[in-house]
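*Asks:* Throughout the sequence shown, residue numbering follows full-length UniProt numbering, covering 1 to 152 in sequence.
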Amino acid sequence: MSNDSDTPADLRHVSDEEWRQRLSPAEYSVLRQAGTEHPFTGEYWDEETEGVYACRACGAELFRSQEKFDAQCGWPSFFAPLAEDRVEYIEDSSLGMRRIEVRCANCASHMGHVFQGEGFPTPTDLRYCINSVSLRLEPATSARGNTDSQIS
Ligand SMILES: [Zn+2]
Numbered sequence: 001m002s003n004d005s006d007t008p009a010d011l012r013h014v015s016d017e018e019w020r021q022r023l024s025p026a027e028y029s030v031l032r033q034a035g036t037e038h039p040f041t042g043e044y045w046d047e048e049t050e051g052v053y054a055c056r057a058c059g060a061e062l063f064r065s066q067e068k069f070d071a072q073c074g075w076p077s078f079f080a081p082l083a084e085d086r087v088e089y090i091e092d093s094s095l096g097m098r099r100i101e102v103r104c105a106n107c108a109s110h111m112g113h114v115f116q117g118e119g120f121p122t123p124t125d126l127r128y129c130i131n132s133v134s135l136r137l138e139p140a141t142s143a144r145g146n147t148d149s150q151i152s
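#1: Under a Cβ-count criterion, where at least 16 other Cβ atoms within 10 Å of its own Cβ denotes burial, should R103 be classed as buried or exposed?
#2: Quick one: any contact between the stretch 33 to 43 and the stretch 58 to 65, if contact means 3 or more CB pairs under 8 Å?
#3: If we call anything under 8 Å between Cβ atoms a contact, is E18 one with R56?
#4: Grouping DSSP H, G and I as helix and E and B as strand, with all else coil, what is P25?
#5: Who are the near neighbours of L31 in its chain, counting only those whose CB is closer than 7 Å to its CB and skipping five residues on each side?
#6: Residues in its own chain within less than 8 Å of D16 by CB, not counting five upstream and five downstream?
#7: Any heavy atom of ligand 1 closer than 7 Å to the Cβ of C129?
#8: Are the stretch 115 to 131 and the stretch 68 to 87 touching, with three or more C-beta to C-beta distances below 8 Å?
#9: Exposed or buried, which one is R98 when buried takes at least 16 other CB atoms within 10 Å?
#10: Looking only at its chain, what residues have a beta carbon closer than 6 Å to the beta carbon of R86, apart from the 5 residues adjacent to it on each side?
#11: Using the beta-carbon count (16 or more within 10 Å), is G117 buried or exposed?
#12: Tell me the DSSP secondary structure of D85 in three-state form.
#13: Relative to ligand 1, what is the chain-ordered list of residues with a Cβ closer than 6 Å to any of its non-hydrogen atoms?
#14: Answer with buried or exposed for A83, where buried requires no fewer than 16 other C-beta atoms within 10 angstroms of its C-beta.
#15: Kindly list the residues whose CB is nearer than 6 Å to the CB of R136, restricted to its own chain and excluding five residues on each side of it in sequence; keep chain order.
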C-alpha cells in the first residue's frame, strides 16, 4: 500500500515490454496507449469514498476525493489535481479536436483529459476527466496518520 515517506520510483524509462508485464491488458491500453474506458463502466465514476487516487501504473498520488465531483459523464471527474506538479499536460489533436491530455508526471502514463469552461459549479471550472482504470483509490481510513485532514 502507500507509503508517503517513499517517493515513487522514476518510471519514465520503463520499457514498453515491461509495462505489458506490469499491467493488465485493460490497464495497459489506457495507461500506455492513451485508450479510454467506456463511460459508466469504471470502478470509480460514482465512487464517493474519501481518500487519495494514485496512479495505477506507478503509485504517485494524483487526485483526492475532496476535488472529485459528480459530472454525470461516466468517468471520475476532478476539478483540480492533488498538486499541479503531479500531472503534466500534453496537447492532443487526435479525433479532430483540440484537447488537453493529462498524464502522470511521474511515469508519463495516460490519465485522461482536462476540459475547461463547461460551467460546472466548481472552484476552477475545470473537469479532469480521468479513466478509473488509470487510478487506484487509497481510502482515507487505511492511510497512516492523516496529519492534514482538511475536509471542509
Ligand atoms: Zn504514474
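All C-beta atoms in this analysis are idealised placements derived from N, C-alpha and C, irrespective of residue type, glycine included.
*Replies:* Let me lay it out:
#1: Buried, because 16 or more other Cβ atoms sit within 10 Å of the Cβ of R103.
#2: no
#3: no
#4: helix
#5: L23, R56, A57, S109, H110 and S134
#6: R32
#7: no
#8: yes
#9: exposed
#10: L62 and A105
#11: Classification for G117: exposed.
#12: helix
#13: C55, A57, C58, A60, C104, N106, C107 and S109
#14: exposed
#15: Answer for R136: A54 and R56, listed in chain order.
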